[in-house]
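Data first, discussion second: the structure below is written as structure tokens.
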Amino acid sequence: MMQTIWQPNSPVQAQLAALKPYLAKHVQIDNGPINDRVHTLLAAGGKFLRPGFFYLFSQFGHDQEPDRLRAGAAAMELLHVATLIHDDVIDQSSKRRNVTTIHQDYGQRNAIYAGDLLFTCYFDQVLLAAKSAADIQANTAAMRAILQGELDQMAHNFKPQTTVDDYLKVARGKTARLFSLSCEQGAHLADAPLAVVNLAKRIGEDLGIAYQMLDDVLDFAGKTDLTKKPVLTDLKDGVYSLPLIYALDAQPALAQQLPMPGDTVTNDQLHLIRDQVLLAGGVTKAQALAKTYTDEALDLIDQLPAGNTQQQLHHLVVQLLDRNH
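Numbering of the sequence shown is given in our numbering, commencing with residue 1 and proceeding in unit increments.
Written out as structure tokens, the structure is:
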């Protein structure tokens, strides 16, 4: 079920509800078990953030052609889910949206091919939504940046010398670029004014960076019963996120306790490191930087045309970036 972050009985909620059967119709994989699992994942949904922001920003335009906008919103969700399937293989995750991951039951190869097939479904929708070759190029460039961001992150795995600038480069690619694309394309495909399209792109990037930072904070300070996913997974996998980077800067000796590739790490060891990250102020500093990006996004939202959509965006960003799950 779609999480209740969207206003009840709002146009966006109705559009997102209609998007689910559309996705089911247009994602067909000629392998019964894999097809069923992908459809279960799509139906399980999540917050539907990317297509939701796409639809919200489309409200600033005068071209409300429903088929084009639906295809554009579908493209954003399909690109997101394709990357999640690949991420689950890399991270060896057992669950996604409370659904057993594809690789867990059907192996890594089948999961990778399923993700690849969703990329083709994504481009099918891009072609339906695009008004020109430039729109296709924008999506291609965004997909390239997202994948490069994933590679950049892997290049920094298990490296205590990772800097805040390194982290921000990864976050801009792997997370913020799709938020930015979703906001920008929603405004652009609805023929919003160019100034609004440009603001949408910047808002999406600030929002995406802050969202990633908060996810990383919750990996250290969150509770599994609220986040619905295990905590400290990045730490175990050698992904040095913002709270740990700040803690290492304050306490360099902490690097000696971090797991290395191939190490068997107990939960007690992970929690001991977590406690030291908290004591070193890593989480507090990460929260402060996330607030900086959140405030930047809110300042940019204040520059959008005044009205109900602007107010919804302001409320949504505050709600989204001040959460415990």
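We put the CB at the ideal spot given by N, CA and C, even for glycine.
Nearest to residue i by alpha carbon, out of the options?
{"i": "Pro160", "options": "Arg70, Leu242 and Gly61", "result": "Leu242"}
{"i": "Arg70", "options": "Asn110, Val81, Asn31 and Tyr122", "result": "Tyr122"}
{"i": "Ile209", "options": "Tyr167, Asp219, Pro51 and Gln64", "result": "Tyr167"}
{"i": "Leu117", "options": "Val27, Thr266 and His271", "result": "Val27"}
{"i": "Ile90", "options": "Asp263, Val283, Leu41 and Ile112", "result": "Ile112"}
{"i": "Asp295", "options": "Ala44, Gln257 and Gly204", "result": "Gly204"}
{"i": "Thr177", "options": "Arg202, Leu189, Thr284 and Ala155", "result": "At residue 177 the sequence reads Arg, which differs from the Thr that was named. It is Arg202."}
{"i": "Gly282", "options": "His271, Asp249 and Pro21", "result": "Asp249"}
{"i": "Leu289", "options": "Asp206, Ala155, Leu194 and Asp135", "result": "Asp206"}
{"i": "Ala73", "options": "Asp263, Tyr22 and Gly173", "result": "Tyr22"}
{"i": "Leu41", "options": "Asp88, Ala14, Ser180 and Asn9", "result": "Asp88"}
{"i": "Arg274", "options": "Asp237, Val318, Tyr106 and Leu244", "result": "Leu244"}
Using the Cα positions of residue i and residue j, report the straight-line distance between them to the nearest angstrom.
{"i": "Leu16", "j": "Asn98", "result": "20 Å"}
{"i": "Gly307", "j": "Leu199", "result": "16 Å"}
{"i": "Val197", "j": "Gln287", "result": "28 Å"}
{"i": "Asp322", "j": "Thr292", "result": "13 Å"}
{"i": "Val365", "j": "Leu279", "result": "The structure shown does not extend to residue 365, since the chain spans only 1 to 325, so no value can be given for it."}
{"i": "Phe48", "j": "Ala133", "result": "27 Å"}
{"i": "Arg96", "j": "Thr83", "result": "12 Å"}
{"i": "Val164", "j": "Gln148", "result": "18 Å"}
{"i": "Ala255", "j": "Val277", "result": "11 Å"}
{"i": "Asp152", "j": "Asp124", "result": "28 Å"}
{"i": "Phe158", "j": "Thr233", "result": "13 Å"}
{"i": "Gln257", "j": "Tyr211", "result": "28 Å"}
{"i": "Gln108", "j": "Thr175", "result": "23 Å"}
{"i": "Thr227", "j": "Ala187", "result": "For Thr227, the pLDDT reaches just 44, beneath the cut-off of 50, and the residue's location in the model is therefore unreliable, leaving the point undetermined."}
{"i": "Leu313", "j": "Thr266", "result": "42 Å"}
{"i": "Tyr55", "j": "Val126", "result": "15 Å"}
{"i": "Ala190", "j": "Gln59", "result": "7 Å"}
{"i": "Ile85", "j": "Leu78", "result": "11 Å"}
{"i": "Ile34", "j": "Thr140", "result": "26 Å"}
{"i": "Gly61", "j": "Phe220", "result": "40 Å"}
{"i": "Leu214", "j": "Thr284", "result": "11 Å"}
{"i": "Tyr246", "j": "Ala192", "result": "40 Å"}
DSSP three-state call for residue i: helix, strand or coil?
{"i": "Lys95", "result": "strand"}
{"i": "Thr100", "result": "strand"}
{"i": "Val239", "result": "coil"}
{"i": "Ser58", "result": "helix"}
{"i": "Leu304", "result": "coil"}
{"i": "Ile5", "result": "coil"}
{"i": "Asp295", "result": "helix"}
{"i": "Met260", "result": "coil"}
{"i": "Ile29", "result": "coil"}
{"i": "Asp225", "result": "Because the pLDDT at Asp225 is just 49, under 50, the model does not fix this residue reliably, and the value given afterwards should be weighed accordingly. Helix."}
{"i": "Asp337", "result": "Absent from the structure is residue 337, since the part of the chain shown begins at 1 and ends at 325."}
{"i": "Arg50", "result": "helix"}
{"i": "Leu79", "result": "helix"}
Just to confirm the assignment, what range does the alpha helix (DSSP H) spanning residue i have?
{"i": "Ile273", "result": "Asn267 to Leu279"}
{"i": "Asn198", "result": "Leu194 to Ala221"}
{"i": "Ile146", "result": "Ala133 to His156"}
{"i": "Val164", "result": "Val164 to Ala171"}
{"i": "Ser182", "result": "Arg177 to Leu189"}
{"i": "Gln312", "result": "Asn308 to Leu320"}
{"i": "Ala24", "result": "Pro11 to His26"}
{"i": "Asp116", "result": "Gln108 to Ala129"}
{"i": "Gly32", "result": "Gly32 to Ala44"}
Applying the 10 Å Cβ sphere with the 16-neighbour rule, what's the burial state of residue i?
{"i": "Lys25", "result": "exposed"}
{"i": "His315", "result": "exposed"}
{"i": "Leu19", "result": "buried"}
{"i": "Ser94", "result": "exposed"}
{"i": "Gly52", "result": "buried"}
{"i": "Leu304", "result": "buried"}
{"i": "Asp30", "result": "exposed"}
{"i": "Asp225", "result": "Confidence is the limiting factor: at Asp225 the pLDDT is only 49, short of 50, which leaves the residue's position unreliable, though a coordinate-based value still follows. So Asp225 ends up on the exposed side."}
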